[in-house]
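First the structure, in the form of structure tokens, and then the observations on it.
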């Protein structure tokens with residue numbers, strides 16, 4: 417496989433993050449408009465978001481890797497910086513910029529589709545130690561999952577496994593499992609169900625970053641020190 | 417693989433579109449009869465519809481391609497018109513006719529199964545720029561997905577990926593993500609939950625067509641200029 | 417692959433049908449006990465039932481075929497009666513007896529687990545032309561799906577495709593999509609959510625049988641006249 | 417495939433059980449906080465739990481087998497004790513200890529993330545013959561499923577098949593389908609939706625053990641006496 421040109425890869429990251437942000441934000445608006453039950457609203461919002469995520473990873477994974485998440489791109493850059501097979505620092509910068517741009521565009525698209533101002537600031541404050549712990553846990557397991565699948569040569573399962581984890585984490589943690597700085601930015605730009613006040617963003621992103629660092633530290637213990645050490649799916653030890 | 421005879425292919429497109437339309441319309445009637453919560457109604461309607469869609473693409477894909485959507489057939493006809501591997505113009509006409517016939521038959525079947533007049537006109541007006549934008553987005557991403565999977569030799573994932581996107585788009589856009597002129601016609605013929613007033617149909621179909629055109633324009637940027645340029649599933653770039 | 421001994425196959429059909437009937441009936445009791453919304457009740461009942469069904473087809477398919485449905489066994493017996501590769505008439509009798517026994521045992525198990533009399537008769541009358549039409553449609557498409565997957569050498573997809581269709585049909589038809597004479601019998605033996613009055617059973621089974629006959633007639637038109645005529649998954653025609 | 421070092425395997429079992437327990441307990445707290453409908457609460461709790469379970473089996477299966485369940489480890493130890501391919505008695509002890517430690521840690525993490533005391537005792541009494549019967553059935557089928565997939569060389573399906581069964585059993589049985597002594601312990605340490613009073617734990621674990629013994633006895637009848645006797649997925653017998 418030849419790596420596609422950087423322009424295509426950046427277009428794929430930008431487009432994918434935009435569609436993901438639009439569905440995430442839009443489904444929150446639609447769910448709160450349709451249902452009177454908070455559980456049904458969140459079920460619909462989570463379901464729509466992870467189905468879009470899985471589809472986008474499947475479609476665009478062969479082009480750009482299907483990251484749509486600056487911390488995931490950074491984790492690949494970091495973990496493969498010595499082998500020369502990962503992103504260069506310059507490519508990483510391009511990826512992050514494309515993802516942030518896409519998230520803003522996706523928020524604007526959701527606002528447009530639902531008849532709201534193009535960009536607005538969310539007034540939903542989200543802060544506190546237990547939410548930051550939750551963000552670190554949700555992001556950390558996400559990184560372990562993706563890096564672990566790659567390390568065991570099973571990246572083909574990423575579309576369904578990542579979607580499964582994000583859905584589980586949305587319900588199982590107290591923060592709603594943002595787990596992605598680009599989407600956190602996008603959410604700040606729509607004053608709706610999935611929103612987060614701009615002032616709450618930095619601490620969320622810091623918690624996500626700490627979770628990613630923890631995952632990088634844990635990875636060798638859980639999945640072996642190098643790629644290919646563990647390769648086969650088995651239920652028996 | 418030898419292409420099956422055109423008669424079988426047209427029968428498959430007609431039958432599949434009929435079953436799909438019947439489940440789409442029928443599940444809307446059943447969901448509004450069973451639940452008092454608008455979110456639960458839409459969850460059930462969407463779930464039933466995309467599960468039927470995925471099953472039908474899987475079962476009939478090897479026969480006719482499993483399009484069940486005139487714009488999808490048209491997009492294949494257009495994108496492969498030079499290579500001679502796609503539908504001829506005459507075959508495209510047959511496909512569209514079979515799909516429209518199937519959608520009408522499916523609407524009639526749903527009406528019959530739920531004790532309604534065989535065919536009736538929906539009084540549900542759906543119009544406005546933000547709905548049309550939503551239709552263009554939902555349809556455009558659908559086309560990018562299907563054409564992109566074919567272009568990267570991964571059409572085997574279409575049953576699950578198409579279902580995932582349609583479910584995500586139903587919740588993430590403001591229009592309900594019809595994304596299919598044949599089903600739009602079928603919905604107009606049952607005055608129930610999933611209905612659309614006949615007068616609202618042309619603008620919806622136009623928006624879907626524009627979304628399809630946009631997808632054909634974007635495809636080379638996102639997934640490479642020719643078939644086989646990108647072929648392997650990978651999470652890393 | 418050597419066909420397993422008949423005793424194992426009958427044990428598998430009996431066990432699988434029992435587990436399926438117990439989950440179908442039990443989840444109906446649990447759902448109506450937990451939720452006040454009719455849509456949520458049916459979502460939970462359908463979800464639990466089709467997940468059990470898919471798991472059982474996967475687990476026991478290699479042993480007995482994973483039918484759990486007298487009409488499906490009969491359809492295989494009929495469609496392969498000339499090639500000598502299907503069930504013999506004597507084997508068919510064993511299968512049907514094992515399935516009916518399993519369904520009764522499963523109903524008893526569900527009643528026991530939920531503190532009800534071991535066996536009881538349902539008082540839920542279900543009758544009328546539109547329900548019978550719905551049963552014929554749900555059963556017919558089920559048969560087309562299973563026979564079609566086998567005919568195109570893709571039986572490995574049966575666990576997920578059959579589950580998808582049954583879930584879609586439960587919502588998309590007006591009868592609740594029993595689509596299985598053994599489960600129809602089991603449902604008659606618990607006076608709870610999924611029940612059917614004994615007097616309503618014969619017409620339901622007749623409608624299911626007519627739907628099966630229709631599927632056998634339609635199969636050559638949709639999927640080719642002989643096994644292997646259509647074999648590859650493709651989205652393009 | 418070389419078996420990974422025992423330290424990695426124990427870390428994987430401990431980590432996986434902790435994440436699973438945290439999502440199971442956390443999603444129960446979140447669901448009861450968000451929804452007023454008992455059915456929606458349980459749908460969300462079950463969905464989150466089985467998605468986390470499937471993801472963890474997929475990710476960590478190649479390392480430790482992905483058991484996260486003392487009875488499953490014990491069943492492998494027992495069924496392969498003569499062939500020398502399974503766990504040794506000492507390894508089994510390590511697995512069980514790691515799983516119990518993980519379950520306690522996961523309960524503590526859930527309590528922390530939702531602002532509760534680090535560890536607390538549940539006051540939710542769960543007892544009675546029909547609940548114990550339900551636990552035996554849910555656990556027994558789980559063991560048949562996992563051992564059966566291994567015996568037919570299809571362990572690769574475990575992530576999705578185990579998740580499907582647990583979700584089905586949660587709804588189809590009257591006990592909520594704990595089916596795992598480690599998670600039963602973890603649930604006792606959070607006084608929330610998924611809790612179980614410490615006094616109810618021993619009988620639950622005994623019922624789970626009896627169900628496991630029953631599965632080991634039934635396995636040869638349903639899936640053949642030795643590994644490899646049944647190997648191919650087929651819908652036809």
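Chains as they are written, first to last, in this note's numbering: chain A, 417 to 653; chain B, 417 to 653; chain C, 417 to 653; chain D, 417 to 653.
Note that beta-carbon positions come from the ideal geometry of N, C-alpha and C, so glycine has one too.
Run down chain A in chain order and give the residues with a C-beta less than 9 Å from the C-beta of residue i.
{"i": "residue 568/B", "result": "475, 478, 479"}
{"i": "residue 565/B", "result": "474, 475"}
Under three-state DSSP, which class holds residue i?
{"i": "residue 634/D", "result": "helix"}
{"i": "residue 534/B", "result": "coil"}
{"i": "residue 605/D", "result": "coil"}
{"i": "residue 620/D", "result": "helix"}
{"i": "residue 420/C", "result": "coil"}
{"i": "residue 542/D", "result": "coil"}
{"i": "residue 572/A", "result": "helix"}
{"i": "residue 485/A", "result": "coil"}
{"i": "residue 679/B", "result": "Given that chain B is displayed from residue 417 to residue 653, the structure contains no residue 679/B and the question cannot be resolved."}
{"i": "residue 451/C", "result": "coil"}
{"i": "residue 470/B", "result": "helix"}
{"i": "residue 446/B", "result": "helix"}
{"i": "residue 518/C", "result": "helix"}
{"i": "residue 492/A", "result": "helix"}
{"i": "residue 595/C", "result": "coil"}
{"i": "residue 627/A", "result": "helix"}
{"i": "residue 504/D", "result": "coil"}
{"i": "residue 480/B", "result": "helix"}
{"i": "residue 435/A", "result": "helix"}
{"i": "residue 567/B", "result": "helix"}
Apart from the five residues just before and just after residue i, which ones in its own chain have a Cβ nearer than 8 Å to its Cβ?
{"i": "residue 537/A", "result": "604, 605, 607, 613, 614"}
{"i": "residue 539/B", "result": "607, 611, 613"}
{"i": "residue 470/B", "result": "575, 576, 578, 579"}
Can you give me the Cβ contacts of residue i inside the same chain, cut-off strictly under 6 Å, excluding the 5 residues immediately before and after it?
{"i": "residue 522/B", "result": "434, 437, 438, 602"}
{"i": "residue 623/A", "result": "548, 551, 552"}
{"i": "residue 432/D", "result": "472, 476, 484"}
Can you name the residues of chain B whose CB is closer than 9 Å to the CB of residue i?
{"i": "residue 546/C", "result": "528, 529, 530, 531"}
Quick one, are the C-beta atoms of residue i and residue j less than 7 Å apart?
{"i": "residue 555/C", "j": "residue 627/C", "result": "yes"}
{"i": "residue 579/A", "j": "residue 585/A", "result": "no"}
{"i": "residue 534/D", "j": "residue 526/D", "result": "no"}
{"i": "residue 461/C", "j": "residue 449/C", "result": "no"}
{"i": "residue 455/D", "j": "residue 629/C", "result": "no"}
{"i": "residue 620/A", "j": "residue 600/A", "result": "yes"}
{"i": "residue 558/B", "j": "residue 595/B", "result": "yes"}
{"i": "residue 598/B", "j": "residue 515/B", "result": "yes"}
{"i": "residue 492/B", "j": "residue 482/B", "result": "no"}
{"i": "residue 494/A", "j": "residue 464/D", "result": "no"}
{"i": "residue 531/D", "j": "residue 546/A", "result": "yes"}
Give the residues of chain A in contact with residue i, contact being defined as C-beta atoms less than 8 Å apart.
{"i": "residue 442/D", "result": "587, 588, 589, 590"}
{"i": "residue 482/B", "result": "Chain A residues near residue 482/B: none, gap ~17 Å exceeds 8 Å."}
Report all residues from its chain with a CB closer than 7 Å to the CB of residue i; omit the five preceding and five following residues, and keep chain order.
{"i": "residue 512/D", "result": "486, 489"}
{"i": "residue 466/D", "result": "579, 582, 583"}
{"i": "residue 616/D", "result": "541, 542, 543"}
{"i": "residue 562/A", "result": "488, 574, 578"}
{"i": "residue 474/B", "result": "575"}
{"i": "residue 479/B", "result": "420, 424, 425, 428"}
{"i": "residue 653/D", "result": "Here the model assigns residue 653/D a pLDDT of 38, short of 50, so the residue's position is not dependable, and the following value carries that caveat. Same-chain partners within the cutoff: there are none."}
Can you list the residues of chain A that residue i reaches, using a CB-CB cut of under 7 Å?
{"i": "residue 458/B", "result": "450"}
Against residue i, what residues of chain C qualify as contacts under a CB-to-CB distance less than 7 Å, listed in chain order?
{"i": "residue 630/D", "result": "Those within 7 Å of residue 630/D in chain C number zero; the least Cβ separation is about 12 Å."}
Name the chain C residues whose beta carbon is nearer than 8 Å to that of residue i?
{"i": "residue 550/D", "result": "529"}
Against residue i, what residues of chain D qualify as contacts under a CB-to-CB distance less than 8 Å, listed in chain order?
{"i": "residue 471/C", "result": "561, 577, 580, 581, 584"}
{"i": "residue 622/A", "result": "Near residue 622/A there are no residues of chain D at all, since even the closest Cβ is about 17 Å away, more than 8 Å."}
{"i": "residue 431/C", "result": "634, 638"}
Kindly list, in the order they appear in chain D, the residues whose Cβ is closer than 9 Å to that of residue i.
{"i": "residue 525/C", "result": "549, 553"}
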